[in-house]
Amino acid sequence: MAEQDQTPKNETPRKPDPMDDVNDISLDDLPRVTGTPLSQFAAELEDFKPTIPDAVTNFYLNRAGVSINDPRILRLVSLASQKFITDVCNDALQNCKVRIGSSSSKHKTKEKRFTLTLEDLSPALSENGITIKKPPYYT
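Going by this note's numbering, the first residue of the sequence shown is number 706, and it counts up by one from there.
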């Protein structure tokens, strides 16, 4: 008599979810890459002080359900966040320059000060998949 399969015929076996073990992340869990640049970069992350403080990054990661014990990973996430914010601000600045350049000539001033407005920020964020809408009124 043949052994019967433990899985019922109408059910497929559950595949392991790679996101099951994301609560604790460490550099030791990442695949090893040979060469000095990556190891040197990881060592430099220990001394790096990002613009976004570690406490702020850790708060939002914990809020998302991720706990990180390695300060190098925390700083790497802070660095990636800083780059994202910088890219969005640079795109908004370009939008502002285009908008001011296309305005009428009677608004010409020698002062080159720019103001971050929702009108400039909205297209920059939408390029990155973030949609924001202006509220119907301000209080």
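All C-beta atoms, glycine included, are put in the ideal place defined by N, C-alpha and C.
None of the values given here were measured: they were computed from a predicted structure.
Among the options, nearest to residue i - alpha-carbon criterion
i      : options                : result
Glu751 : Val782, Gly834, Asp825 : Val782
Thr762 : Lys802, Ile805, Arg777 : Arg777
Ala747 : Lys802, Asp775, Gly806 : Asp775
Glu824 : Lys839, Thr791, Pro742 : Lys839
Sequence-distant residues of the same chain with beta carbon closer than 6 Å to residue i, five excluded per side
i      : result
Pro828 : Asn800
Ser733 : The sequence given here has Asp at residue 733, not Ser. Within the same chain, Asp733 has no close Cβ partners at all.
Leu784 : Pro755
Whole-angstrom distance between residue j and residue i, CA atom to CA atom
i      : j      : result
Gly770 : Lys754 : 24 Å
Lys817 : Asp759 : 34 Å
Ile835 : Asn795 : 16 Å
Phe819 : Arg804 : 11 Å
Gln787 : Leu826 : 16 Å
Phe789 : Arg768 : 19 Å
Leu821 : Arg737 : 42 Å
Ser744 : Gly806 : 46 Å
Ile757 : Ser731 : 20 Å
Ala797 : Tyr842 : 23 Å
Thr791 : Pro742 : 24 Å
Neighbourhood of residue i by C-beta distance below 8 Å, restricted to the same chain and skipping five residues each side
i      : result
Leu766 : Ser772, Ile773, Leu779, Val782
Glu708 : Residue placement at Glu708 is flagged as unreliable, the pLDDT there being 49, under the threshold of 50; a coordinate-derived value is accordingly withheld.
Lys802 : Phe819
Residues near residue i in its chain [Cβ-Cβ closer than 7 Å; skip 5 each side]
i      : result
Leu830 : Val793, Ile837
Glu749 : none
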